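Written below as structure tokens is the structure these notes are about.
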Amino acid sequence: MHAIVAAWLNPAPVSLPAAVHAAAIAHAAAFVEGQVSALALHYRSGFVLGLRAVDTSALRWGARSFVALTPSQQAELLHRWSVAPLPQARQLMRLIRTSALLAYFEFPGVIAAAGGAR
Amino acid sequence: MSGKRALVVGSGAGGAVCAFELATAGWDVTVIEEGGAFALEDYGQSAERAMALLYRHRGMTPLLGANPIAYVEGCCVGGSTEINSGFWRRTPDATLDEWATDYDLRGASAGDLEPHFVWAEAALHVGLHAGKWPTSTALFAHGATTLGWAHHEVPRIAPNCRGTNRCASGCPTGAKQGVSQSLLPRAQAAGARLLTHARVHQIHGDAPHAQRVEILRHEPGQPPQTEWLTADAVFLACGATETPALLRRSGIHHNIGDSLQIHPMLKVLAEFPSSVGGLSSVLPLVQITEFAPDISLGGSYLTPGHAAVLLADNWPQGRDVMTRLDRVAAYYVAVRGRGHGSVRPATADATRSTLRYAMAPQDVELLTQGLRHLARVLFAAGALAVHTGVTSMPTLTSAQHAERALHAPLRADSLNLSTVHAFASCPIGERQAKTAANSFGKLWGWQNLILADASCLPSSPGVNPQATVMALARRNVRAWISDHAATR
Chain C
137 MHAIVAAWLN PAPVSLPAAV HAAAIAHAAA FVEGQVSALA LHYRSGFVLG LRAVDTSALR
197 WGARSFVALT PSQQAELLHR WSVAPLPQAR QLMRLIRTSA LLAYFEFPGV IAAAGGAR
Chain V
36 MSGKRALVVG SGAGGAVCAF ELATAGWDVT VIEEGGAFAL EDYGQSAERA MALLYRHRGM
96 TPLLGANPIA YVEGCCVGGS TEINSGFWRR TPDATLDEWA TDYDLRGASA GDLEPHFVWA
156 EAALHVGLHA GKWPTSTALF AHGATTLGWA HHEVPRIAPN CRGTNRCASG CPTGAKQGVS
216 QSLLPRAQAA GARLLTHARV HQIHGDAPHA QRVEILRHEP GQPPQTEWLT ADAVFLACGA
276 TETPALLRRS GIHHNIGDSL QIHPMLKVLA EFPSSVGGLS SVLPLVQITE FAPDISLGGS
336 YLTPGHAAVL LADNWPQGRD VMTRLDRVAA YYVAVRGRGH GSVRPATADA TRSTLRYAMA
396 PQDVELLTQG LRHLARVLFA AGALAVHTGV TSMPTLTSAQ HAERALHAPL RADSLNLSTV
456 HAFASCPIGE RQAKTAANSF GKLWGWQNLI LADASCLPSS PGVNPQATVM ALARRNVRAW
516 ISDHAATR
């Protein structure tokens, strides 16, 4: 999950120290996992299967997993899944993307950099 | 105390009204709330912390269908009144007339509801914004004035709002009068008890008399426990999704959970040439009513996290906007949904409901039209760009661009919709064939089960439902009290 979230958020969308960016990504990945755990069981199971399928689709580039892809390959793979004809694939990506973005930009160091006041 | 015991299931807009009225009338009242009780210090946290604390299933309660719609509701003392924007709209007269005609809903004319609205508005300190409008409001009003469109400032239940933009995380200043701040303390002062972390699993009894409820207690750090409470009357106020699920779990099915309706909503970010203070001021307060009741245009709170979510579906092209958030404000188009939904208890998990909603083709047409209107007014207000929540739609850069991009209905699956307005899952009225309860919320076939929440609205009100819920709940509970006068 961390690798997928990082692929969405790299490079840092707003100017901030690398350590804050890394911590915000870790925070966002943990949040996505928490959101998935709040899903009903059958959707949770579907989510896990979907993630495995994302990993498997790295084979297209001769890689064994998503993590082994280059950043540009990761970005392309996520884009393909985001616009896939299969609605479930798009929904999987949307859940990860929206949850990750919400948590990333609510992270204290990021929220300040984005101009938000807390 | 009368010795007559009332259970109120849910502590939100409807439940708080019931608790207050019953306790004041001398009933022995217990309010049963599934979520926890929180203090102001717990409010205003980051969105993701708030979702874990205040929302049902951390906000992961989508309406399923060909085009899933994000739906969230409060699960805490005060219910969704703790996490909404605090806008207050009375039920339109036309809607009440429609309910009288289509559902034979009696005793709910504008005149009948007037005293209940007046009471609730006093209890929640409903009023207009004190002081100068924030820039995001003034610009929106300017756009509407330029186009000659009807618009007005919507009253709120936040008389001293300080513009923290944390409405959805619980108002940290206490300015917003969620019922945990306003009405429930008065109910408790009148003797009502509040049971938190308690989910009513089933209602037991032989029709027409419910006798007791089965409660699953889940206090943090404690093993789950089952408890039973007996009751002379049970007021159902756990919302449009949970009330029908509870009734169905209890074996009550007549027109229960078959007619869920919503206001599908699409949000946009408007980018202006200079700072509008969207992150640090009161949310846009003006609503455009030119296209009511089918289409409403208005403003939404803004935090960096919420802005990013609105850009999520066009993230590569939209991410730069995150560096210019001081120039951005959030607005929405909401429509009076014509589709139909359902609520069913989940088969594999007793703590969940399965929510479904099928959009009607007219919903998509209205959303497309509404988005076109919204873009038009925002460009008339001086916006440089409008970033929509429509997948793969380029950023709109002019009114002409919006006209071209939105000349035909959008694909339903390109709309990233959300809603916080759900209702009508157990409609009331005298037409027994299409209603779950009589005009005053008493379930058909039962003497002591009374609806008092958004589930009992006959159909979509076309406006923020809190005022309607509170007025109908008060009317229902007062009718019950009048029929069952407590002996002090």
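These protein sequence lines are chains C and V, in that order.
If you count the first sequence from 1, you need to add 136 to reach this note's numbering.
If you count the second sequence from 1, you need to add 35 to reach this note's numbering.
Each residue gets a CB set at the ideal place from its N, CA and C atoms; glycine is no exception.
These figures come from a predicted structure and were not determined experimentally.
Query raised in the report: Given a limit of 8 Å on CB to CB distance, which residues of the segment 357-380 of chain V reach chain C?
Result: M357, T358, L360, D361
Requested in this report: Give the interface partners of C:P149 over in chain V, defined as CB-CB distance under 7 Å, in chain order.
Outcome: Within the first sequence, numbered from 1, the residue matching residue 149 of chain C stands at position 13. Here the neighbours are R354, M357.
Requested in this report: Decide if C:W144 is buried, meaning its Cβ has at least 16 other Cβ atoms within 10 Å, or exposed.
Outcome: The sequence position of residue 144 of chain C within the first sequence is 8, counting from 1. C:W144 should be labelled buried.
Query raised in the report: Of all the alpha helix (DSSP H) runs that stay within the bounds of the segment 430-456 of chain V, which reach a length of 4 or more residues?
Result: 434-440
Report task. Using a Cβ cut-off of 7 Å, pull out every chain V residue sitting near C:A250, in sequence order please. Result -> Walking along the first sequence from the start, residue 250 of chain C turns up at place 114. In chain order: P339, M357, L360.
Report task. Please work out which residues of its chain come closer than 8 Å, Cβ to Cβ, to C:R233, disregarding the five sequence neighbours upstream and downstream, and give them in chain order. Result -> Reading the first sequence from its first residue, position 97 is the one you call residue 233 of chain C. Cβ neighbours of C:R233 beyond the five flanking positions: W144, S218.
Query raised in the report: For the beta strand (DSSP E) that V:S377 lies in, which residues bound it at each end?
Result: By 1-based counting over the second sequence, the position of residue 377 of chain V is 342. Start and end: 375-380.
Requested in this report: Work out the CA separation of C:A158 and C:A249 for me, nearest whole Å.
Outcome: For the purposes of this step, residue 249 of chain C is taken as residue 113 along the first sequence, with counting starting at 1. For the purposes of this step, residue 158 of chain C is taken as residue 22 along the first sequence, with counting starting at 1. In a straight line, the C-alpha of C:A249 is about 14 Å away from that of C:A158.
Query raised in the report: Do the CB positions of V:V161 and V:Q322 come within less than 9 Å of each other?
Result: Counted from its first residue, the second sequence places residue 161 of chain V at position 126. Counted from its first residue, the second sequence places residue 322 of chain V at position 287. Result no, Cβ atoms of V:V161 and V:Q322 do not sit closer than 9 Å.
Query raised in the report: Would a check of beta-carbon distances place C:E242 closer than 9 Å to chain V?
Result: In the first sequence, the residue the question calls residue 242 of chain C occupies position 106. Closer than 9 Å to some Cβ of chain V, the Cβ of C:E242 qualifies, so yes.
Query raised in the report: Where does V:A521 fall in DSSP's three states?
Result: Start at 1 with the first residue of the second sequence, and residue 521 of chain V comes out as number 486. At V:A521, the pLDDT of 48 sits below 50, so the modelled position is not reliable; the number obtained from the coordinates is stated separately. DSSP places V:A521 in coil when its eight states are reduced to three.
**Report entry** Endpoints, the alpha helix (DSSP H) within which V:M86 is located
**Finding:** As a working mapping, residue 86 of chain V is identified with position 51 in the second sequence. From DSSP, the alpha helix (DSSP H) with V:M86 extends over 82-89.
Requested in this report: Assign V:F326 to one of three DSSP states: helix, strand, or coil.
Outcome: One-based indexing of the second sequence puts residue 326 of chain V at position 291. It is coil, neither helix nor strand.
Query raised in the report: Can you name, in chain order, every residue of its own chain whose Cβ lies under 6 Å from the Cβ of V:E254, other than the five neighbours on each side?
Result: Residue 254 of chain V sits at position 219 when you count from the first residue of the second sequence. Taken in chain order, the residues that qualify are H232.
Query raised in the report: Between C:R216 and chain V, is there a C-beta pair that is closer than 9 Å?
Result: Along the first sequence, read from residue 1 onward, the residue named residue 216 of chain C stands at position 80. With 9 Å as the cut-off, C:R216 does not count as an interface residue toward chain V.
Query raised in the report: From V:N102 to C:Q227, what distance separates their C-alpha atoms?
Result: Within the second sequence, numbered from 1, the residue matching residue 102 of chain V stands at position 67. Within the first sequence, numbered from 1, the residue matching residue 227 of chain C stands at position 91. Spanning the two alpha carbons is a distance of roughly 10 Å.
Query - Rounded straight-line distance, which links the Cα of V:E56 to that of V:R509 - result: Taking the first residue of the second sequence as 1, we reach residue 509 of chain V at position 474. Taking the first residue of the second sequence as 1, we reach residue 56 of chain V at position 21. Taking the straight line joining both Cα atoms gives about 7 Å.
Report task. Less than 8 Å between the CB atoms is what I'm expecting for V:T208 and V:C461, so what's the real figure, rounded? Result -> Here the question's residue 208 of chain V lines up with position 173 in the second sequence. Here the question's residue 461 of chain V lines up with position 426 in the second sequence. Their Cβ separation, rounded to whole angstroms, is 35 Å, which puts V:T208 and V:C461 out of contact at 8 Å.
Requested in this report: Report whether the distance from the Cβ of V:A72 to the nearest heavy atom of the ligand ADP is below 8 Å.
Outcome: The ligand ADP is absent from the structure shown, which contains no ligands of any kind.
Query raised in the report: Checking contacts by CB at 9 Å: is V:T522 closer than that to chain C?
Result: Looking up residue 522 of chain V in the second sequence gives position 487. Model confidence at V:T522 stands at a pLDDT of 42, short of 50, so the residue's coordinates are unreliable; what they give is reported in the following sentence. Answer no: the Cβ-Cβ gap between V:T522 and chain C never drops below 9 Å.
Requested in this report: Keeping to the same chain, check which residues put their C-beta closer than 8 Å to that of V:A143; ignore five residues upstream and five downstream.
Outcome: Position 108 of the second sequence holds residue 143 of chain V. Taken in chain order, the residues that qualify are L131, W134, A135, S474, L507, R510.
Query - Bridge partner(s) assigned by DSSP for V:A268 - result: In the second sequence, the residue the question calls residue 268 of chain V occupies position 233. Note: V:A268 sits in a beta bridge opposite V:A41.
Query raised in the report: If we cut at 9 Å on Cβ distances, does C:F202 have a partner in chain V?
Result: One-based indexing of the first sequence puts residue 202 of chain C at position 66. Taking 9 Å as the CB threshold, C:F202 stays off the interface with chain V.
Query - Segments assigned beta strand (DSSP E), at least 3 residues, entirely inside the segment 144-214 of chain V - result: 186-188
Query raised in the report: My guess is that V:V317 and V:H164 are in contact by the Cβ rule of under 8 Å, so how many angstroms apart are they, rounded?
Result: Against the second sequence, residue 317 of chain V aligns to sequence position 282. Against the second sequence, residue 164 of chain V aligns to sequence position 129. Sure, about 6 Å apart at Cβ, within 8 Å.
Query raised in the report: In terms of residues, what are the limits of the alpha helix (DSSP H) holding V:Y336?
Result: Reading the second sequence from its first residue, position 301 is the one you call residue 336 of chain V. Segment: none, V:Y336 is in no alpha helix (DSSP H) and carries neither H nor E.
Report task. On a CA-only basis, which of V:T116, V:H288, V:A275, V:L314 is nearest V:H298? Give me that one, please. Result -> Counting from 1 along the second sequence, the entry for residue 298 of chain V is found at position 263. Nearest of V:T116, V:H288, V:A275, V:L314 to V:H298, Cα basis: V:A275.
Requested in this report: For the segment 108-116 of chain V and the segment 209-217 of chain V, state whether three or more C-beta atom pairs, one from each stretch, are separated by less than 8 Å.
Outcome: yes
Query raised in the report: How about V:G94: is its C-beta nearer than 9 Å to some C-beta of chain C?
Result: Residue numbering aside, residue 94 of chain V sits at position 59 when the second sequence is read from its first letter. At least one chain C Cβ lies under 9 Å of V:G94.
Query raised in the report: How about V:Y138 and V:T470: do their beta carbons lie closer than 9 Å?
Result: One-based indexing of the second sequence puts residue 138 of chain V at position 103. One-based indexing of the second sequence puts residue 470 of chain V at position 435. Closer than 9 Å, so yes.
Requested in this report: For V:L271, I'd like the list of residues in its chain whose CB is within less than 6 Å of its CB, leaving aside the five on either flank, ordered along the chain.
Outcome: The residue labelled residue 271 of chain V in the question sits at position 236 within the second sequence. If the five residues before and after V:L271 are omitted, its C-beta is found closer than 6 Å to the C-beta atoms of V44, T278, L486, all from its own chain and listed in chain order.
**Report entry** Whether V:A41 touches V:V269 by CB criterion (9 Å)
**Finding:** Counting from one through the second sequence, the residue named residue 41 of chain V turns up at place 6. Counting from one through the second sequence, the residue named residue 269 of chain V turns up at place 234. Yes, the pair counts as a contact, with Cβ atoms nearer than the cut-off.
**Report entry** Given 8 Å, three or more beta-carbon pairs between the segment 392-403 of chain V and the segment 412-423 of chain V
**Finding:** No, they do not touch.
Query raised in the report: What residues from the segment 308-335 of chain V come within 7 Å of chain C, judged by C-beta to C-beta, listed N to C?
Result: Result list: L314, S315.
Query raised in the report: Using a Cβ cut-off of 9 Å, which residues of the segment 167-179 of chain C contact any Cβ in chain V, in chain order?
Result: Cβ contacts with chain V: F167, G170, Q171, V172, S173, A174, L175, A176, L177, H178, Y179.
Query raised in the report: Quick one: what's V:Y138 bridged to in DSSP?
Result: To locate residue 138 of chain V, count along the second sequence from 1; it is residue 103. Note: V:Y138 sits in no beta bridge, so no partner.
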